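Below is one structure, written out as structure tokens, with a few remarks after it.
Number of protein chains: 2
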Amino acid sequence: MTSPSPALAEGGFPVVGIVGGGQLARMCQPPAVNLALTLSVLAESPTASAALVVPHSPVGEHTDLAAVRALARDCDVVTFDHEHVPQEVLLALQEEGVALHPSPQALVFAQDKLAMRRRLTELGLPCPRWAQARDAADVEAFAAQVGWPLVAKAPRGGYDGKGVLVCRSLADLEPWLAGVGEGGLADGILLEEAVDFSRELSIMVGRSPSGQAAAWPVVETVQEGGINTEVLAPAPSLDPDLAAALTEGALRIAGELGVTGVMAVEAFEVRDPGTGAPAYLVNELAMRPHNSGHWSIDGAVTSQFEQHLRAVLDLPLGDPSTRAPWTASANVLGGDYPELYATYKHLMARDPGLKIHLYGKGVRPGRKLGHVTVTGGREGDLGSLEELRERTRHAADYLQGVVTE
Amino acid sequence: MTSPSPALAEGGFPVVGIVGGGQLARMCQPPAVNLALTLSVLAESPTASAALVVPHSPVGEHTDLAAVRALARDCDVVTFDHEHVPQEVLLALQEEGVALHPSPQALVFAQDKLAMRRRLTELGLPCPRWAQARDAADVEAFAAQVGWPLVAKAPRGGYDGKGVLVCRSLADLEPWLAGVGEGGLADGILLEEAVDFSRELSIMVGRSPSGQAAAWPVVETVQEGGINTEVLAPAPSLDPDLAAALTEGALRIAGELGVTGVMAVEAFEVRDPGTGAPAYLVNELAMRPHNSGHWSIDGAVTSQFEQHLRAVLDLPLGDPSTRAPWTASANVLGGDYPELYATYKHLMARDPGLKIHLYGKGVRPGRKLGHVTVTGGREGDLGSLEELRERTRHAADYLQGVVTE
Chain A
1 MTSPSPALAE GGFPVVGIVG GGQLARMCQP PAVNLALTLS VLAESPTASA
51 ALVVPHSPVG EHTDLAAVRA LARDCDVVTF DHEHVPQEVL LALQEEGVAL
101 HPSPQALVFA QDKLAMRRRL TELGLPCPRW AQARDAADVE AFAAQVGWPL
151 VAKAPRGGYD GKGVLVCRSL ADLEPWLAGV GEGGLADGIL LEEAVDFSRE
201 LSIMVGRSPS GQAAAWPVVE TVQEGGINTE VLAPAPSLDP DLAAALTEGA
251 LRIAGELGVT GVMAVEAFEV RDPGTGAPAY LVNELAMRPH NSGHWSIDGA
301 VTSQFEQHLR AVLDLPLGDP STRAPWTASA NVLGGDYPEL YATYKHLMAR
351 DPGLKIHLYG KGVRPGRKLG HVTVTGGREG DLGSLEELRE RTRHAADYLQ
401 GVVTE
Chain B
1 MTSPSPALAE GGFPVVGIVG GGQLARMCQP PAVNLALTLS VLAESPTASA
51 ALVVPHSPVG EHTDLAAVRA LARDCDVVTF DHEHVPQEVL LALQEEGVAL
101 HPSPQALVFA QDKLAMRRRL TELGLPCPRW AQARDAADVE AFAAQVGWPL
151 VAKAPRGGYD GKGVLVCRSL ADLEPWLAGV GEGGLADGIL LEEAVDFSRE
201 LSIMVGRSPS GQAAAWPVVE TVQEGGINTE VLAPAPSLDP DLAAALTEGA
251 LRIAGELGVT GVMAVEAFEV RDPGTGAPAY LVNELAMRPH NSGHWSIDGA
301 VTSQFEQHLR AVLDLPLGDP STRAPWTASA NVLGGDYPEL YATYKHLMAR
351 DPGLKIHLYG KGVRPGRKLG HVTVTGGREG DLGSLEELRE RTRHAADYLQ
401 GVVTE
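If you read the sequences in order, they're chains A and B. FYI, in the UniProt record's numbering the residues of the first sequence are 1 to 405. FYI, in the UniProt record's numbering the residues of the second sequence are 1 to 405.
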């Protein structure tokens, strides 16, 4: 652990370095302000989302060892806004004694989907059937086993549905097969069966280096075009045994993989082929604050951003309980309206209880610009959740220019 | 209204200037981050509480017209961390077209307690009996009317109990009478009857330049040595008619005085001398976020800091409803423990639901370093409020070194 620079922090309070200046780093700033923790963000540019709100935000690339090393010099621990820091950079810093959370040994399972599938399968955790494919013969063999369509994934570098292809025949995969051995396909293609799921779930857990762990309730995530558009917390009408199994599974993954900080486990809700009972299959892991946890800012006693800071500093974890029976959250994606400020004024007038979170980014179609959250409702009353959903969906649609009143 | 500097804000979002870099400016940063509003803080030093967390924090004095003018040049509106900006500075800027919220014409009633008493009395709002005293004869005349002891107040420049003297005889007031005509006593001394109150209450309201206003519930404030130590929201066992009267009174004050931003009305709970019914007398006004509203960060849908930003920008106001049956908050004052970080680690382990707010200040005895808040309990159940109070009092005592386990 390096010594904090007196220029950054005073009074024995630590400095948390974050590699990457996106909205996840930005949303760490409010809890850091509350807890008197100092952030230092390695940002892509001086106008990166987090750099706009964190005083100490040196500009540099996450792939540049010297830049990450310079960040680490001023910090007590270093964590990440995204999962794209190369292993060679991480391992070099670890060798030099920098406290990285999560460690490169844990993070690799969020960076490399083949490594993740292999490890979770070893641990006996439920996954879709999968295979590693380097050529057409591998693909044909797996298809013979699970049938078409297949889901192909680039093991490295994918996000928000990029690097994922649903393919109905070998022909669909030809361009990918041609790329095997390079970049995200260096070790081949990850093939998975197309899961027949009823909905997508996500669970987030926080885990500290001391091994303390805490889980938020399982949430339902609604996706459109591979991008998460809505989160409902807790997941409505979720079978309690399935909730317990998924929570247990996520805590086990965090422990076995040595995760530090917060982690999201995205899962498919399915039926057990034997018993017909509700069951889950792990879809993806993310070792950082995650879109499916944004609801916790307004809806939980401890938000995922506060918990991430507490966890990476090995502070005792906060209470992940909900603060209301229901929380609904919707993502705001870039649309046709370039003037977000004018639209949000209107929304504030329409719905005084709406919590608006914007990331300070310029509008580009499809870009994640923010999210909106509403909490409230009545315990077990799905109609009251539906009212919250209508409010967040309207707000997101309005900010995106999909509806105009 | 000046044009925002493109260096500070992008995409049509406004910049809010705050004169003063204390904890009130600091606590505006979390909601500013959420709402993509940019702050610019005129700070006393580069390590002022707010300057530690707001990227654009030029250093300068609030009494320096040139420094405040330079701040205003980059901002859409200017507001205040404290009430000490001289009227001549405010009036000069107003003349130059700077949008000040609150305006100097409103702020004077929070700066000058004599002006406040005069105006509230004109409006028929309930105040303790009071008089303006320039010499011993004035004091004797007022004492003959209301009896000893009297409360003497410096009309200008007092805060946290400073500038207030309970006097039992004319002798106690001699040093003050000698100072009449200078500084805070330029217009004499404000004398007030010593009110026989059962407890102190506070109500906060937000009001926008358009005239939209919203009130939080009335809270109880517990004071020790003239400093607020605890806030209970809502005020337990408060007579509903008194709550309504105080809320109405505060909204009327905000409207009549033309307040923009948030305002606290501190009041004494008394008995109506005629009917014996619960009643109130206005004690003090503050036209800015206030210690008695810190509970709203965790306990209300819209915090006083978010509301202040919305109000000064003339944005529609947020919902001030509570998020839990009870919220208890306690101030953390500087004590014997210089190492806050070590103590707060312990508290996090002891109480995962505790919300800790520290202001990034060095420990000095008696200095306001932070506050702690807990929300929860059961509607109308005073025992459940008492449990929350025990948690916040213990946490504050522990951080202050009063208790050691």
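C-beta atoms are modelled at their ideal positions from N, C-alpha and C, and glycine is treated no differently. These figures come from a predicted structure and were not determined experimentally.
Query	Result
Can a CB atom of chain A be found closer than 7 angstroms to the CB of phenylalanine 13 of chain B?	yes
Assign arginine 310 of chain A to one of two classes, buried (16 or more other C-beta atoms within 10 Å of its C-beta) or exposed (fewer than that).	buried
At a CB distance below 9 angstroms, what residues from the segment 349-363 of chain B approach chain A? Give them in sequence order.	Ala349, Arg350, Asp351, Pro352, Gly353, Leu354, Lys355, Ile356, His357, Leu358, Tyr359, Gly360, Lys361, Gly362, Val363
Excluding the 5 residues flanking aspartate 135 of chain A on each side, which residues of the same chain have their C-beta closer than 8 angstroms to its C-beta?	Leu177, Val180
Closer than 8 angstroms between beta carbons: that is the criterion. Which residues of the segment 307-318 of chain A meet it against chain B?	Arg310, Leu315, Pro316, Leu317, Gly318
Bridge partners of proline 278 of chain A, per DSSP?	A/Arg271
Taking all protein chains shown into account, decide if residue 478 of chain B is buried (16 or more other Cβ within 10 angstroms of its Cβ) or exposed.	For chain B, the structure presents residues 1 to 405; residue 478 of chain B sits outside this window and is missing.
For a cutoff of 7 angstroms on Cβ pairs, would you count proline 341 of chain B as touching chain A?	The sequence shown places tyrosine at residue 341 of chain B, not proline. Taking Cβ atoms only, chain A reaches closer than 7 angstroms to tyrosine 341 of chain B, which makes this a yes.
So with Cβ pairs under 7 angstroms, would you call arginine 252 of chain B a contact of chain A?	no
Count the other C-beta atoms from every protein chain shown that fall within 10 angstroms of the C-beta of valine 403 of chain B, then say buried if there are 16 or more, exposed otherwise.	exposed
Does the beta-carbon of alanine 50 of chain A have 16 or more other beta-carbons within 10 angstroms, so that it is buried, or is it exposed?	buried
Roughly how far, in whole angstroms, is the beta-carbon of leucine 185 of chain A from the beta-carbon of arginine 117 of chain A, given that I think they are within contact range, below 8 angstroms?	Leucine 185 of chain A to arginine 117 of chain A, Cβ: 15 angstroms. No contact.
What's the gap between the Cα of alanine 152 of chain A and the Cα of glutamate 284 of chain A?	14 angstroms
Could you give the DSSP three-state label for phenylalanine 109 of chain B: helix, strand or coil?	helix
Is the CB-CB distance between aspartate 314 of chain A and serine 210 of chain A below 7 angstroms?	yes
Starting from threonine 373 of chain B, follow the beta strand (DSSP E) in both directions and report where the run begins and ends.	368-376
Measuring straight from C-alpha to C-alpha, what distance separates arginine 129 of chain A and threonine 322 of chain B?	48 angstroms
Looking at the unbroken alpha helix (DSSP H) that takes in glutamine 307 of chain A, where does it start and where does it end?	304-312
In terms of residues, what are the limits of the alpha helix (DSSP H) holding threonine 392 of chain A?	382-399
With 16 as the cutoff for other CB atoms within 10 Å, does alanine 66 of chain A come out buried or exposed?	exposed
Out of curiosity, what's the CA-to-CA distance linking aspartate 298 of chain A and lysine 113 of chain B?	39 angstroms
In angstroms, rounded to a whole number, what distance separates the CA positions of glutamine 145 of chain B and glycine 376 of chain A?	54 angstroms
Check whether the Cβ atoms of valine 218 of chain A and valine 231 of chain A lie closer than 7 angstroms to each other.	no
What does DSSP give as the partner residues of cysteine 167 of chain B in its beta bridges?	B/Leu150
Is it a yes or a no for the segment 249-261 of chain B touching the segment 356-375 of chain B, going by three-plus beta-carbon pairs under 8 angstroms?	no
Is arginine 378 of chain B buried or exposed, if buried means 16 or more other CB atoms sit within 10 Å of its CB?	exposed
Could you give the DSSP three-state label for isoleucine 18 of chain B: helix, strand or coil?	strand
Tell me the DSSP secondary structure of alanine 25 of chain B in three-state form.	helix
On the criterion of 16 or more Cβ atoms from any shown chain inside 10 Å, does proline 14 of chain A qualify as buried, or is it exposed?	buried
Would you say the segment 59-73 of chain A touches the segment 338-348 of chain A, given that touching needs at least three Cβ pairs under 8 angstroms?	no
Excluding the five sequence neighbours on either side, which residues of its own chain have a C-beta within less than 6 angstroms of the C-beta of proline 365 of chain B, listed in chain order?	Gly334
Can you tell me whether DSSP reads threonine 221 of chain B as helix, strand or coil?	strand
Out of A/Arg26, A/Ala36, A/Val16, A/Gly17, point me to the one whose CA is closest to histidine 290 of chain A's CA.	A/Arg26
Fully enclosed by the segment 24-61 of chain A, which alpha helix (DSSP H) runs are 4 residues long or longer?	29-35
Looking at aspartate 241 of chain A: is its Cβ nearer than 7 angstroms to the Cβ of proline 352 of chain B?	no
Kindly list, in the order they appear in chain B, the residues whose Cβ is closer than 8 angstroms to that of lysine 345 of chain A.	Leu315, Pro316
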